[in-house]
Structures are given as C-alpha cells and as structure tokens.
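Below is one structure, written out as structure tokens; comments come after it.
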Amino acid sequence: MSTVKKTKATGKKPVKAPKPRVAAAAKADKATPGGIAAENLDVENEGQAPGVRRRDFIHIATVSFAGVGAAAVAMPLVSQMSASADVLALASIEVDVAAIQPGQSIKTSWRKQPVFIRNLTAAEIEAANKVDVGGLRDPQTLAERTKPGKENWLITLGVCTHLGCVPLGAAAGEVKGEYGGYFCPCHGSHYDTAARIRKGPAPTNLVVPEFAFISDTVVKIG
Ligand code: FES
235 MSTVKKTKAT GKKPVKAPKP RVAAAAKADK ATPGGIAAEN LDVENEGQAP GVRRRDFIHI
295 ATVSFAGVGA AAVAMPLVSQ MSASADVLAL ASIEVDVAAI QPGQSIKTSW RKQPVFIRNL
355 TAAEIEAANK VDVGGLRDPQ TLAERTKPGK ENWLITLGVC THLGCVPLGA AAGEVKGEYG
415 GYFCPCHGSH YDTAARIRKG PAPTNLVVPE FAFISDTVVK IG
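Heads up: the sequence shown runs through residues 235 to 456, numbered per this note's numbering.
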C-alpha cells in the first residue's frame, strides 16, 4: 500500500522551481486542508484493469486524509507560532512506494507543488541510459537524478521548467510525449524517461527535489 503523510518542518531552504500552473489538459489541483492534494494523487497502471487503478487511488487518498488528521492535531501549536504558512512551506512528506509497480507513477503534492514519483521499467532505464548525455540541453545522467541502487525511482517536481504548467504523463492514460517520459501541452515540451528535456521550449530538466529513502520502500521528500 502506498502511503503519504506529513512530517515536521525541516527548516531547510525550499527547492526553487517555477510556480506551477495547471495545464488546460491537466486536472485541477484541489488541495486538502492539510496541504496534500488528494485529488492530485493518481496512479498510472499500464496493462492492468481499471479496478486495480481505482484501488491504488483509494489507498493513497485514504492515507492522505490520515495525514491531514495528524496535521490537524499539530495545528494548535502551529497557530501559536503564527507561522502556519511557513511551516507548510517547509514541511516534508514521506511516501511508501511499495505498491507502485514498474511502469506506474503517482502524483502527490509537496510544498504546494505537484510531485511525480515513477517506478521506471527496465526498458525505460535502458532508454535513459542509452542517451548521449553530452547532446542534451541540460546534461544529466539518470544516475545523477536518482539514488544509488534505486535508479528505478524517478522523483521530480511536476512543474514544467518553461512556464510552470503541470506536464502530462504521470496519470493513467496521459500522453507521455515523444520520448516516453512527460509531455507539457502548453507549448510542447517533451521530457524523456529520466524527465530530461528533449524537445520544446523548456530550458531545463524537471527538477529533482531533495529526497532520501528512509527505508527500503519509504521515501522522504524535503
Ligand atoms: S509551460 Fe510547459 S511548454 Fe510551456
């Protein structure tokens, strides 16, 4: 089961990224009171029945609400500090990615920005590693964008680096673009399976936020 929960503020400097704008073709981002966008959580599940996708969505959304409950308990303290907005901005999240199968992605929210978590298939990893990095607009290897031994876990902000739209490709049935990663329909930016910009006006790759695996299946973002 995939889980998402809020954790305490880290005090670390937030990652700078373009302010997200929702693409016309993307879903609206309705954040819950705790800052987790439950409706922004979705699962890509190629080759499986729609019912499986639905179950995954329910698991993730349910735990997100549990996270909201935890946040509500902490609110009196936060209110006393009169810094709820700052605390929310600095908060980290923990996501249990155990249920995300190869080829699947989820969308979650961190610091009020969409985040894509993708479990790359062997073919997607191979495609990313075959690219001549020297020819890229923003040269980075897949290894530089993932963690050692966890190269299949691609975690990026879901914010196009052109003008901040939310690219397609993380939810079931969405177009992934010419390079099999993500596609921003706003002005036609194509990202590959390492979320590197390959075509279109975006100047840089999708941003990889600060993250670390705190267990074999739980990743802490922020
Ligand atoms: S905002 Fe993505 S291509 Fe323009």
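Glycine included, every Cβ here is placed at the ideal spot set by N, Cα and C.
Remember, predicted model here, so these are calculated numbers, not experimental data.
Residues bridged to residue i (per DSSP)
i, result
"G414", "D426"
"A446", "K454"
"T438", "DSSP, once it has assigned bridges, lists no residue as partnering T438."
"T390", "F350"
"I431", "Y425"
Assigned secondary structure, residue i (DSSP; H/G/I helix, E/B strand, else coil)
i, result
"K364", "helix"
"E328", "strand"
"A357", "helix"
"R345", "coil"
"R371", "coil"
"Q314", "Reliability of the predicted coordinates at Q314 is poor, the pLDDT of 41 falling under 50, and no value is obtained from them."
Cβ-Cβ distance between residue i and residue j below 8 angstroms
i, j, result
"V329", "V452", "yes"
"D372", "R430", "yes"
"R379", "A428", "yes"
Contact set for residue i: own chain, Cβ-Cβ below 8 angstroms, skip 5 residues either direction
i, result
"G434", "H396, C418, H421, G422, S423, H424"
"K446", "Lys is not the amino acid found at residue 446; the sequence shown has Ala there. K381, V453, K454, listed in sequence order."
"I448", "E328, K454"
"T438", "R371, D372, T395, I431"
Residue burial classification, residue i (beta-carbon count within 10 angstroms, cutoff 16)
i, result
"G403", "buried"
"A357", "exposed"
Close beta carbons around residue i, own chain, < 7 angstroms, minus the five adjacent residues each side
i, result
"A377", "E385"
Contacting residues, own chain, Cβ-Cβ under 6 angstroms from residue i (five flanking each side not counted)
i, result
"T183", "This structure gives no information on residue 183, because the portion of the chain shown stretches from 235 to 456."
"R352", "S339, L388"
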